[in-house]
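Chemist:
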Amino acid sequence: MKVLIGLALAMSAALAMAANQPVDGARIGAAAKGEWLSHGRTYDEQRFSPLSQVNAATVGKLGLAWWAQFDTDRGQEATPLVADGVLYTTTAWSKVFAFDAKTGQRLWAYDPKVPGEKGFNACCDVVNRGVALWRDKAYLGALDGRLIALDRKTGRPVWSVQTTDPDMPYTITGAPRIAKGLVIIGNGGAEYPVRGYVTAYDAQTGKQAWRFYFTPNPTGAADHAASDKVMQLKANATWGAGAWTKGGGGATAWDAITYDPKTDLIFVGTGNAGPWNDRIRSAKGDNLFVTSIIALKRSTGAYVWHYQPTPRDAWDYDAVQQLMTADLKIGGKSRHVVMQADKNGFYYVLDAATGKVISAEKFVPVDWADHVDLKTGRPVERQGVRYTPGGVTVQSPGALGGHNWQPMAMNPRLGLVYIPAMLSTGVFGDPDDFQYIPGAWNTGEPRGSKSGPHAPPPPPLPAGLARRPAGYGELIAWDPAAGKARWRVQFPQPWTGGVLATDGGLVFHAVGHEFAAYDAASGKKLWTYDTVAPAIAPAMSYAIDGEQYVALMVGYGGAGGMGGLEPRRLGRLLVFKLGAAAAPAAYPAPRTYADLDFTKAEASTGDADKGDVNYRRYCGVCHGGGAFLPNLAKSPAILRRQTFKAIVYDGALARNGMPPFKRFMSEAEVEDLRAFILWSAQRQAGAPAPAAEPDHPH
Numbered sequence: 009m010k011v012l013i014g015l016a017l018a019m020s021a022a023l024a025m026a027a028n029q030p031v032d033g034a035r036i037g038a039a040a041k042g043e044w045l046s047h048g049r050t051y052d053e054q055r056f057s058p059l060s061q062v063n064a065a066t067v068g069k070l071g072l073a074w075w076a077q078f079d080t081d082r083g084q085e086a087t088p089l090v091a092d093g094v095l096y097t098t099t100a101w102s103k104v105f106a107f108d109a110k111t112g113q114r115l116w117a118y119d120p121k122v123p124g125e126k127g128f129n130a131c132c133d134v135v136n137r138g139v140a141l142w143r144d145k146a147y148l149g150a151l152d153g154r155l156i157a158l159d160r161k162t163g164r165p166v167w168s169v170q171t172t173d174p175d176m177p178y179t180i181t182g183a184p185r186i187a188k189g190l191v192i193i194g195n196g197g198a199e200y201p202v203r204g205y206v207t208a209y210d211a212q213t214g215k216q217a218w219r220f221y222f223t224p225n226p227t228g229a230a231d232h233a234a235s236d237k238v239m240q241l242k243a244n245a246t247w248g249a250g251a252w253t254k255g256g257g258g259a260t261a262w263d264a265i266t267y268d269p270k271t272d273l274i275f276v277g278t279g280n281a282g283p284w285n286d287r288i289r290s291a292k293g294d295n296l297f298v299t300s301i302i303a304l305k306r307s308t309g310a311y312v313w314h315y316q317p318t319p320r321d322a323w324d325y326d327a328v329q330q331l332m333t334a335d336l337k338i339g340g341k342s343r344h345v346v347m348q349a350d351k352n353g354f355y356y357v358l359d360a361a362t363g364k365v366i367s368a369e370k371f372v373p374v375d376w377a378d379h380v381d382l383k384t385g386r387p388v389e390r391q392g393v394r395y396t397p398g399g400v401t402v403q404s405p406g407a408l409g410g411h412n413w414q415p416m417a418m419n420p421r422l423g424l425v426y427i428p429a430m431l432s433t434g435v436f437g438d439p440d441d442f443q444y445i446p447g448a449w450n451t452g453e454p455r456g457s458k459s460g461p462h463a464p465p466p467p468p469l470p471a472g473l474a475r476r477p478a479g480y481g482e483l484i485a486w487d488p489a490a491g492k493a494r495w496r497v498q499f500p501q502p503w504t505g506g507v508l509a510t511d512g513g514l515v516f517h518a519v520g521h522e523f524a525a526y527d528a529a530s531g532k533k534l535w536t537y538d539t540v541a542p543a544i545a546p547a548m549s550y551a552i553d554g555e556q557y558v559a560l561m562v563g564y565g566g567a568g569g570m571g572g573l574e575p576r577r578l579g580r581l582l583v584f585k586l587g588a589a590a591a592p593a594a595y596p597a598p599r600t601y602a603d604l605d606f607t608k609a610e611a612s613t614g615d616a617d618k619g620d621v622n623y624r625r626y627c628g629v630c631h632g633g634g635a636f637l638p639n640l641a642k643s644p645a646i647l648r649r650q651t652f653k654a655i656v657y658d659g660a661l662a663r664n665g666m667p668p669f670k671r672f673m674s675e676a677e678v679e680d681l682r683a684f685i686l687w688s689a690q691r692q693a694g695a696p697a698p699a700a701e702p703d704h705p706h
């Protein structure tokens with residue numbers, strides 16, 4: 009009883025503290041040493057903690073202080089926030105949790121109950137990158153497009169607005185940002201595609217303040233939005249007559265949003281075009297504001313400037329990577345800049361007030377462009393990278409990019425930015441069967457090679473592909489003033505975690521199961537911890553009662569984890585401090601798939617070659633042979649016609665995230681799909697096909 013009373017008192021004290029300390033702009037700007045109040049800790053998104061108790065001399069004593077396990081086994085990408093002794097974090101499926109940041113006692117949890125079938129709209133997992141805090145509220149962007157304000161004390165909803173058309177395949181996976189009482193939120197879905205935009209809402213009431221669209225209105229009408237004027241003056245003409253915009257054009261703002269108090273501007277990064285294939289999309293033009301960095305006035309959303317790292321993007325080179333502001337000494341002058349390690353492989357330093365390119369240097373191998381012309385700001389493209397009918401191009405980076413969403417961090421004392429980079433190679437080509445399908449992926453790219461029973465052999469790839477190295481990851485210490493790397497640490501896998509830098513001279517970074525601390529000046533590895541399950545999220549740090557903590561969300565997924573070979577495990581939050589030695593419970597043994605008994609399979613009368621087309625179009629991105637979602641070649645559901653139909657056509661597992669596909673395929677086409685998967689599974693297993701059976705009524 010005394011223990012329960014003690015826990016209740018501790019909980020009450022923590023909640024009372026949170027309720028009595030509003031988070032405002034002055035507090036975020038001052039950024040007390042022990043707090044982490046915004047996504048990048050401070051408005052500049054530098055992810056630098058001024059705490060130094062954990063340093064090169066003491067990090068060897070870092071141990072687990074407390075941990076929490078969640079009920080979702082998809083990718084975990086959130087940055088926890090800490091204010092007034094309370095830690096706030098989110099998990100996959102947009103769930104929110106609040107903990108006593110010292111003890112790990114859970115204070116409250118909130119589940120927005122996102123419909124499972126909405127998972128189909130998330131191109132790259134049902135992830136969430138965290139909440140925002142303002143005054144007495146925490147703000148969540150939910151996967152289904154809602155922006156929800158929660159009471160920080162209780163976790164109860166205060167208000168909720170639907171920021172997207174619920175009938176369109178929009179999603180929200182990014183964390184909201186706060187700027188002087190406005191909540192700024194974007195959205196995702198460019199592969200489907202949709203029309204990207206960013207919206208500002210009053211933090212107290214949820215009333216919309218302004219909205220800015222990033223592609224032209226397909227109808228040609230005005231939107232009565234902050235973007236109307238610049239669309240007419242700059243953007244509309246860059247799409248050309250007859251451009252493919254019926255799906256919206258893409259350019260979704262799914263992650264990078266930065267408020268800069270020095271200029272009172274909001275910087276937004278936009279994603280790829282829809283479709284990727286520019287030959288299908290538009291006869292000419294740069295296609296603004298696809299893959300662009302745009303500066304907007306905070307109060308009105310009015311356009312100030314833009315820079316487009318990849319004009320007329322054709323390779324999924326989103327410009328949504330973190331936008332970091334800093335004051336750098338360049339050429340003997342102090343410059344206030346905004347920086348991005350872009351997916352296209354160039355590190356950009358721009359003047360924050362004007363958007364003028366100061367420098368643009370390759371931080372990973374890049375062969376789609378030779379360099380960036382600093383006079384025009386445009387890349388000088390390599391000949392032959394653009395699509396031609398029936399042509400194939402192979403280039404670096406690939407669609408995963410040289411740097412994806414995983415945040416970088418900066419140590420302003422050393423003047424170094426730490427980039428979680430990767431070398432990736434992509435194969436891009438024209439499809440032979442492209443057709444626009446509302447609500448489905450529409451990239452204009454071949455969705456995998458044909459492999460059905462009568463598929464022709466794949467065409468030979470261009471010379472040189474075999475000589476390219478396999479994908480790998482790097483942690484790069486980049487000097488943005490000099491435009492070059494100071495040190496690099498290489499990893500055998502490309503899909504790694506985000507980065508934290510601290511005033512203890514450390515850089516924290518997770519790769520696979522290893523969470524490590526590196527010397528910020530040299531890159532020497534100083535400490536490691538086995539997280540058991542892989543982590544892709546960035547760590548953060550805070551302090552309570554004179555003790556420094558380091559926190560990390562653990563859970564594998566996201567674009568680079570879809571189709572990976574890691575088993576699905578429940579997500580965890582691990583919190584470390586010096587001298588601690590807690591041990592989390594062991595994960596259960598990963599699920600293994602029993603070999604299917606094909607002698608019990610009901611023979612399919614479907615056409616496996618036709619099923620091959622729909623598998624590549626709808627299924628392969630999530631189920632393509634990996635363990636991110638069930639490997640269909642191992643699923644017993646493929647053995648029986650009615651079981652497969654109930655799941656794929658009727659949506660029997662919609663609550664689990666498997667939507668019904670009746671809007672895309674007929675019952676006969678679903679059976680074609682089963683025929684292909686059954687044929688593929690038998691081929692993989694080396695099993696004979698089941699005996700033919702008479703057709704069964706559907």
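Position one of the sequence shown corresponds to residue 9 (my numbering), numbered consecutively onward.
Every residue, glycine too, gets a C-beta built ideally from N, C-alpha and C.
Predicted, not measured: the structure shown is a model, and the values here were computed from it.
For the beta strand (DSSP E) holding glycine 619, just list the boundary residues, first then last.
Modeler: In the sequence shown, the residue the question calls residue 619 occupies position 611. Element bounds for glycine 619: not the beta strand (DSSP E) but the alpha helix (DSSP H), 616-622.
Chemist: Are the segment 420-427 and the segment 393-407 in contact at 8 Å, needing three or more beta carbon pairs?
Modeler: Cβ pair count under 8 Å is below three, so no.
Chemist: Helix, strand or coil for isoleucine 445 per DSSP?
Modeler: Position 437 of the sequence shown, counted from the first residue, corresponds to residue 445. Coil at isoleucine 445, not helix or strand.
Chemist: Under 8 Å, do alanine 683 and aspartate 605 count as touching if we go by C-beta distance?
Modeler: What you label residue 683 is simply residue 675 of the sequence shown in a count that begins at 1. What you label residue 605 is simply residue 597 of the sequence shown in a count that begins at 1. Cβ distance not < 8 Å, so alanine 683 and aspartate 605 don't count as in contact.
Chemist: If distances are taken between C-alpha atoms only, which option among Arg114, Thr181 and Gly124 comes closest to glycine 163?
Modeler: Sequence index remark: in the sequence shown, residue 163 carries index 155 (1-based). Of the listed residues, the one whose Cα sits closest to glycine 163 is Arg114.
Chemist: Look at the Cβ atom of arginine 137, then the Cβ atom of alanine 146, and state whether they are nearer than 8 Å.
Modeler: Sequence index remark: in the sequence shown, residue 137 carries index 129 (1-based). Sequence index remark: in the sequence shown, residue 146 carries index 138 (1-based). Cβ atoms of arginine 137 and alanine 146: not closer than 8 Å.
Chemist: Which one or two residues does DSSP pair with isoleucine 156 in a beta bridge?
Modeler: Stepping through the sequence shown from its first residue, residue 156 is reached at position 148. Partner(s): Leu148 and Ser168.
Chemist: CA-CA distance, glycine 707 and alanine 493?
Modeler: Lying outside 9 to 706, the shown extent of the chain, residue 707 is not represented and no answer is given.
Chemist: Does the distance from the C-beta atom of phenylalanine 275 to that of valine 346 stay below 8 Å?
Modeler: Translated into the one-based positions of the sequence shown, residue 275 becomes position 267. Translated into the one-based positions of the sequence shown, residue 346 becomes position 338. Yes, the Cβ-Cβ distance between phenylalanine 275 and valine 346 is below 8 Å.
Chemist: Where does lysine 188 land, buried or exposed, given buried means 16+ other C-beta within 10 angstroms?
Modeler: Position 180 of the sequence shown, counted from the start, is the residue given in the question as residue 188. So lysine 188 ends up on the exposed side.
Chemist: Rounded to the nearest angstrom, how far is the Cβ of phenylalanine 354 from that of alanine 368, given a contact under 8 Å?
Modeler: By one-based count along the sequence shown, residue 354 stands at place 346. By one-based count along the sequence shown, residue 368 stands at place 360. The Cβ separation is near 5 Å, so the contact holds.
Chemist: Once the 5 residues before and after tyrosine 537 are set aside, which same chain residues still bring their CB inside 6 Å of it?
Modeler: For this step, residue 537 is matched to residue 529 along the sequence shown. Phe523, listed in sequence order.
Chemist: Tell me which residues share the same chain as serine 688 and place their Cβ nearer than 6 Å to its Cβ, disregarding the 5 neighbours each side in the sequence.
Modeler: Position 680 of the sequence shown, counting from 1, holds the residue named residue 688. Taken in chain order, the residues that qualify are Ala641.
Chemist: Suppose you measure from the CA of glutamate 389 to the CA of aspartate 321; what does that come to, to the nearest Å?
Modeler: Numbered from its first residue, the sequence shown carries residue 389 at position 381. Numbered from its first residue, the sequence shown carries residue 321 at position 313. The straight-line gap from Cα to Cα measures roughly 12 Å.
Chemist: Taking valine 656 as part of the alpha helix (DSSP H), name the residues at either end of that continuous run.
Modeler: In the sequence shown, counting from the first residue as 1, residue 656 sits at position 648. 649-656 is the span of the alpha helix (DSSP H), which, as asked, contains valine 656.
Chemist: Provide the residue span of the beta strand (DSSP E) that contains tryptophan 74, from first to last.
Modeler: If you number the sequence shown from 1, residue 74 lands on position 66. From DSSP, the beta strand (DSSP E) with tryptophan 74 extends over 70-77.
Chemist: Count the C-beta pairs between the segment 576-585 and the segment 640-659 that are closer than 8 Å, then say yes if the count reaches three, no if not.
Modeler: No contact exists between the segment 576-585 and the segment 640-659.
Chemist: Helix, strand or coil for aspartate 527? Go by DSSP, reduced to three states.
Modeler: Translated into the one-based positions of the sequence shown, residue 527 becomes position 519. DSSP places aspartate 527 in strand when its eight states are reduced to three.
Chemist: Comparing C-alpha positions only, which one of Thr384, Pro415, Trp413 and Leu431 sits nearest to aspartate 375?
Modeler: For this step, residue 375 is matched to residue 367 along the sequence shown. The option with the nearest alpha carbon to aspartate 375 is Leu431.
Chemist: Starting from aspartate 268, trace the beta strand (DSSP E) in both directions and tell me its first and last residue.
Modeler: Sequence index remark: in the sequence shown, residue 268 carries index 260 (1-based). Aspartate 268 -> beta strand (DSSP E) spans 265-268.
Chemist: In the DSSP output, which residue or residues are listed as bridge partners for glutamine 403?
Modeler: Position 395 of the sequence shown, counted from the first residue, corresponds to residue 403. Answer is Gly434, bridged to glutamine 403.
Chemist: Quick check for students: name the residue ranges of the beta strand (DSSP E) that lie wholly in the segment 185-235, counting only runs of 3 or more.
Modeler: With a minimum length of 3 residues, the continuous beta strand (DSSP E) runs that stay inside the segment 185-235 are 185-187, 190-193, 205-210 and 216-221.
Chemist: Going by C-alpha distance, which of Lys254, Ala349, Gly505 and Val621 is nearest histidine 521?
Modeler: Reading the sequence shown from its first residue, position 513 is the one you call residue 521. When each option's Cα is compared against that of histidine 521, the closest is Gly505.
Chemist: What residue from Pro123, Trp142, Gly256 and Asn63 has the CA that sits closest to alanine 34's CA?
Modeler: Position 26 of the sequence shown holds residue 34. When only C-alpha atoms are compared, the closest one is Trp142.
Chemist: Which residue's Cα is closest to the Cα of tyrosine 311: Trp218, Ala377 and Ala327?
Modeler: Sequence index remark: in the sequence shown, residue 311 carries index 303 (1-based). Closest option to tyrosine 311, Cα to Cα, is Trp218.
Chemist: How about alanine 349 and methionine 416: are their beta carbons less than 8 Å apart?
Modeler: Numbered from its first residue, the sequence shown carries residue 349 at position 341. Numbered from its first residue, the sequence shown carries residue 416 at position 408. In this structure, methionine 416 lies closer than 8 Å to alanine 349 by Cβ.
Chemist: Going by beta-carbon coordinates alone, are tyrosine 564 and proline 542 separated by less than 8 Å?
Modeler: As a position in the sequence shown, residue 564 is number 556, starting the count at 1. As a position in the sequence shown, residue 542 is number 534, starting the count at 1. Against a cut-off of 8 Å, the Cβ pair of proline 542 and tyrosine 564 comes out as a contact.
Chemist: In this structure, how does DSSP classify serine 688 when only helix, strand and coil are distinguished?
Modeler: Taking the first residue of the sequence shown as position 1, residue 688 is located at position 680. Residue state, collapsed to three classes: helix.
Chemist: Rounding to the nearest angstrom, what Cα-Cα distance links aspartate 440 and glycine 398 in this structure?
Modeler: Here residue 440 refers to the residue found at position 432 of the sequence shown. Here residue 398 refers to the residue found at position 390 of the sequence shown. So the alpha carbons of these two residues sit roughly 8 Å apart.
Chemist: Mark histidine 232 as exposed unless 16 or more other C-beta atoms lie within 10 angstroms of its C-beta, in which case mark it buried.
Modeler: Against the sequence shown, residue 232 aligns to sequence position 224. It counts as exposed.
Chemist: Tell me the rounded alpha-carbon separation between glycine 250 and lysine 110.
Modeler: Taking the sequence shown and counting its residues from 1, the one referred to as residue 250 is at position 242. Taking the sequence shown and counting its residues from 1, the one referred to as residue 110 is at position 102. Roughly 59 Å separates the two Cα atoms.
Chemist: Are the segment 86-100 and the segment 34-54 touching, with three or more C-beta to C-beta distances below 8 Å?
Modeler: Yes, the segment 86-100 touches the segment 34-54.
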